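J.: Going by full-length UniProt numbering, the first residue of the sequence shown is number 1, and it counts up by one from there. We put the CB at the ideal spot given by N, CA and C, even for glycine. Fair warning: this is a prediction, and the values are worked out from it, not measured in the lab. The structure's right below; bear with me while I get my questions together.
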Amino acid sequence: MKYSLNWDLDSLFSGGINSAQLKTKLAQTKTAIAALGDLLDRWDAASDAPQYQQFLKLITQLQAINNAIGQAGIFITAVGSADVNNPDVAPMEAQLRDLGTQADNVSGKLKKVLVQVPDVNFAEMLAQPDLKPIAFNLKEMREDGKELLDDKTEALISRLNLDGKAAWSSHYDSLVATVTVPFHDADGNPATLSAGQADNNLLGNADPQYRADLLPAWEQAWTDKEQLFADTLNHLAGFRLTEYAAHGTTDFLREPLKDNRLSAETLNTIWQVVDNNKQFLLDYLDRKAALLGKKHAGWQDVEAPLNLPGSQLHHFTYDEAAAFIIKHYGEFSPKMAALAQQAFENRWIEAEDRAGKAPGGWMESAPETNESRIFMTFTGSPNDVSTLAHELGHAFHSSVMEDLPQLRQDYAMNVAETASTFGELIVADANVKAAKTDAEKITLINAKMDNPLAMFLNIRARFLFETHFYQLRQKKLVTPAELNELMLNAQKEAFGHDLSTYSPHLWASKLHFYIDEPAFYNFPYVFGYLFSLGIYAKAQQEGDFEDSYIALLRDTANMSTEELAQKHLGVDLTKPDFWLAGVKLIKQDVAEFMRLTDSLVK
C-alpha cells in the first residue's frame with residue numbers, strides 16, 4: 001500500500017495556523033474557563049452533598065477545557081514543527097500559553113478548595129460512581145493544594161511565568177534557529193548546516209573522518225553564542241528555583257519526582273543499577289572503536305552507524321517500514337498492529353525529509369478527536385524505522401486510554417516512555433533477526449545499542465550535569481566556562497573517562513535542558529527504557545501478554561509508579577532485581593556483538 005509522507009492536519013482544524021475553527025475554539029475555551037471560575041466560586045461541598053452533582057459538573061468542565069487546550073496545542077505544535085519559519089506560529093503559541101495559564105489558575109484554585117472540604121465530605125465525593133474512576137487524581141489535587149499560596153499570589157506567579165520560565169524556553173527555540181555550522185557536505189563542497197542538520201550528521205554520518213572533522217565545527221558554533229545560551233539557561237532555572245522556594249522547597253528534585261509519581265528511593269536504585277552495570281557498555285564502545293580503527297571512541301562515534309564490508313544494510317522505503325512495523329507489532333499484539341495501520345492510513349504521520357522542518361521527533365494526542373500526530377524525518381535507515389515504531393508506541397498508549405476521563409489519561413513522562421520503548425524494542429529485535437549475514441547483524445545490533453548507550457551513559461551524564469548545575473545555580477549565576485566544565489566532568493564520569501573526545505557544549509545544544517515543563521527531562525527516559533525492558537522480558541516469558549500489557553497502560557495515571565509495578569507485574573521497584581532483568585537483555589545483545597566481531601579485531 002502507498003502511504004503519504006505528509007500528515008493531515010485539517011481533521012484537527014482546517015485552514016492552517018490562521019484557521020477560523022482554531023480561533024473559535026480558543027475563544028470558546030476562554031469563555032469556558034471564566035464560566036468554570038464562576039462555578040467554582042459558588043460551589044459549596046456541604047450544600048452539594050450527598051450526590052455532589054455540582055462538583056461533578058465542575059470537574060467535567062475542567063476536563064473538557066484541558067482537552068480543548070490539548071487539541072489546539074497539538075495543532076499549533078504540528079504546524080510549527082512542519083515549518084519552523086512560519087511567522088504566525090509564535091503568536092498562536094503565546095495565546096495558547098495564556099489560556100493554559102488561565103486554566104491552571106482555576107485548577108489551582110480548585111485544589112485549594114478541595115483542601116477545605118471536610119474529610120467526611122471528601123470521602124463521600126470519592127465514593128460517587130461518576131467520581132470514583134478519578135479518585136486517585138482528586139486525591140493528588142487535594143494534596144497539591146496544601147502547598148499552594150493564596151489565589152492572588154498563585155495567579156501572579158502564573159502570569160509572570162509567561163515572561164519567565166515559559167518565555168525563556170521559547171527564547172531558546174529562537175536562538176537555536178540562528179545557529180549555523182559552516183562546514184562541507186559529504187562530497188566536500190562548502191555548506192552551511194543548520195543546528196538540526198549538523199546534529200544529525202555529527203551522530204549519524206557513516207564516515208568517521210567526516211564526524212571527527214565536524215565535532216570541532218559543531219562545538220565552535222555553540223561557543224560563538226554560549227553567553228546567550230548561558231543567560232537563557234540561568235534565567236529559566238532561576239525562575240524555577242524561585243518558584244520552588246516560594247512554595248517552601250529547596251530540593252529541586254522534589255517536584256520532578258512528584259510529577260513522575262516516583263519515589264527518590266526508586267530513582268536511586270535505578271542509578272545504582274546503571275552505574276554498577278555500565279562497564280560492559282564501555283567494553284562494547286571499545287570494541288566499536290576498534291572496528292573504526294581507533295583505540296577509544298569519540299563523542300561523535302558513540303551513536304554512529306557501522307557500515308562493515310558485506311553488510312548491505314537494507315534501506316527501507318516508507319511503505320516497507322510501515323509494513324514491517326505492522327507485521328511485527330502484530331506478532332505481539334494485534335491491537336498494536338491495528339493502531340499502527342490506522343495511523344498510516346489516516347495520515348497521522350509527518351515523515352518527509354525536507355528543509356524547514358524542526359529536528360527530532362515526537363507524538364502528541366488530539367484528545368477531542370481521539371487521534372494522534374507523529375512528527376519525524378524519515379530517511380530509510382533501520383534507526384528511522386525504530387524511531388517510527390517508538391512514536392507509534394506512544395500513540396498506542398494514548399489509544400487504549402481514550403475512553404477514560406481526561407484526568408485518568410494524564411500519565412507522567414516516565415511511564416509515557418514505556419509503551420514507546422516497548423514498541424521500539426519489538427521492531428529493533430525484528431530488524432536483527434531479519435539480518436541475512438553476520439556483517440548485517442553486527443550493524444543492526446550496533447543500531448539497537450543506541451538506546452542503552454544513551455540511557456546508561458549519555459542521559460546519565462545529562463542528569464549529573466543538571467544536578468550539579470542546579471546546586472551551583474542556587475548560589476550564583478553560572479558562567480559558560482563553568483557550564484562547560486560541569487558538562488565535561490559529567491560526561492567523563494558517566495563514560496568512565498573512556499572517550500577520546502567529548503561535547504562540553506551539550507548543555508547549549510540539547511533542547512531538553514530548556515523545556516519549561518517538566519523539569520529534569522532526563523531520568524524519566526531511563527526509567528521508561530528499563531521499565532519497558534523488564535516488561536518485555538516478562539512478555540517473552542509469558543507469551544500471551546497483550547491484555548495484561550493494556551491493563552497496565554490503562555492504569556498509568558491512576559496510581560504511583562511503584563503501585564503500578566506491584567499491581568501489574570508483582571515487583572518492587574525500589575529493589576534492583578526487576579531492573580537487572582532488563583539489563584540482562586542488553587548484556588545478551590552485547591555478548592552477541594562481541595562474539596560476531598571477535599575475528600574482525602584480531
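1. Measure the alpha-carbon distance for Val115 versus Ser420 and round it to whole angstroms.
2. Candidates Lys510, Lys23, Ile459: which alpha carbon is nearest Phe527's?
3. Are the stretch 388-408 and the stretch 317-330 touching by the rule of at least three beta carbon pairs closer than 8 Å?
4. If you draw a straight line from the C-alpha of Ala166 to the C-alpha of Leu149, how long is it?
5. In the DSSP output, what is Ser365 paired with across the bridge?
6. Looking at the secondary structure, which residues open and close the beta strand (DSSP E) in which Pro182 lies?
7. How far does the alpha helix (DSSP H) with Pro334 in it extend, from its first residue to its last?
8. Rounded to the nearest angstrom, how far is the Cβ of Phe469 from that of Leu253, given a contact under 8 Å?
9. Using 10 angstroms around the beta-carbon of Gly310, count the other beta-carbons present and answer buried if the total reaches 16, otherwise exposed.
10. To which residues of the same chain is Ile445 closer than 7 Å at the C-beta, ignoring the five residues directly before and after it?
11. Roughly how many angstroms lie between the CA atoms of Pro367 and Leu407, to the nearest whole one?
12. For a test of the three-state rule: what should DSSP assign to Leu193, helix, strand or coil?
13. Quick check on the DSSP output: what are the complete beta strand (DSSP E) runs of length 3 or more inside the stretch 490-525, in order along the chain?
14. Where does Glu350 sit, in a helix, a strand or coil, going by DSSP?
15. In whole angstroms, give me the CA-to-CA distance for Asn201 and Asp173.
16. If we count Cβ pairs, one from each stretch, closer than 8 Å, do we get three or more for the stretch 201-214 versus the stretch 276-283?
17. From the DSSP output, in three-state form, read off Asn268 for me.
18. Checking 8 Å against the spacing of the C-beta atoms, do Ala537 and Ala581 come in under that value?
19. Below 8 Å, how does it come out for the stretch 346-361 and the stretch 68-86: are there three or more Cβ pairs, yes or no?
20. In or out: Gly15 buried (at least 16 other Cβ within 10 Å) or exposed?
21. Touching or not, the stretch 439-458 and the stretch 482-489, by the rule of three or more beta carbon pairs under 8 Å?
22. Determine the contact status of Glu226 and Ala461, defining contact as a CB-CB distance below 8 Å.
23. Using three-state DSSP, classify Phe378 as helix, strand or coil.
24. What number of angstroms, rounded off, separates the C-alpha of Val415 from the C-alpha of Pro50?
25. Report buried or exposed for Asn18, applying the criterion of at least 16 other Cβ atoms within 10 angstroms of its Cβ.
26. Can you tell me whether Gln471 is buried or exposed, with buried defined as 16 or more other CB within 10 angstroms of its CB?
27. Determine the DSSP secondary structure at Ser4, reduced to helix, strand or coil.
28. Please go through the same chain and pick out, in chain order, the residues whose beta-carbon is closer than 6 Å to the beta-carbon of Ala221, but skip the five residues on each side of it.
29. If you draw a straight line from the alpha carbon of Phe229 to that of Glu371, how long is it in whole angstroms?
30. Which whole-angstrom value is the C-beta distance of Gly3 and Ala237, which I expect to be below 8 Å?
31. Over the uninterrupted alpha helix (DSSP H) stretch that includes Leu233, give me the two end residues.
32. Is the beta carbon of Thr443 sitting closer than 8 Å to the one on Leu262?
33. Could you tell me the alpha carbon to alpha carbon distance between Val385 and Ala68, rounded to whole angstroms?
34. Is Met413 close to the ligand FMN? I mean its beta-carbon at under 7 Å from any heavy atom of the ligand.
35. Once DSSP output is grouped into helix, strand and coil, what is the label at Lys475?
36. In chain order, what residues of the same chain lie with their CB nearer than 6 Å to the CB of Ala32, ignoring the 5 residues before and after it?
T.: Short version:
1. 36 Å
2. Ile459
3. yes
4. 20 Å
5. Ser372
6. 180-184
7. 334-345
8. Cβ atoms of Phe469 and Leu253 stay farther apart than 8 Å, at about 13 Å.
9. exposed
10. Val432, Asp589, Glu592, Phe593
11. Those two C-alpha atoms are separated by around 12 Å.
12. strand
13. Note on the stretch 490-525: there is no whole beta strand (DSSP E) run with a minimum of 3 residues.
14. strand
15. 20 Å
16. no
17. helix
18. yes
19. yes
20. exposed
21. no
22. no
23. Correct three-state label for Phe378: coil.
24. 36 Å
25. exposed
26. exposed
27. In this structure, Ser4 counts as coil in the three-state DSSP scheme.
28. Val179, Val181
29. 36 Å
30. The sequence as given places Tyr at residue 3; Gly does not occur at that position. The pair is not a contact, with the Cβ atoms about 42 Å apart (cut-off 8 Å).
31. 226-246
32. no
33. 32 Å
34. Only the bare structure without any ligand can be found here, which leaves the ligand FMN out of the picture.
35. coil
36. Ile65
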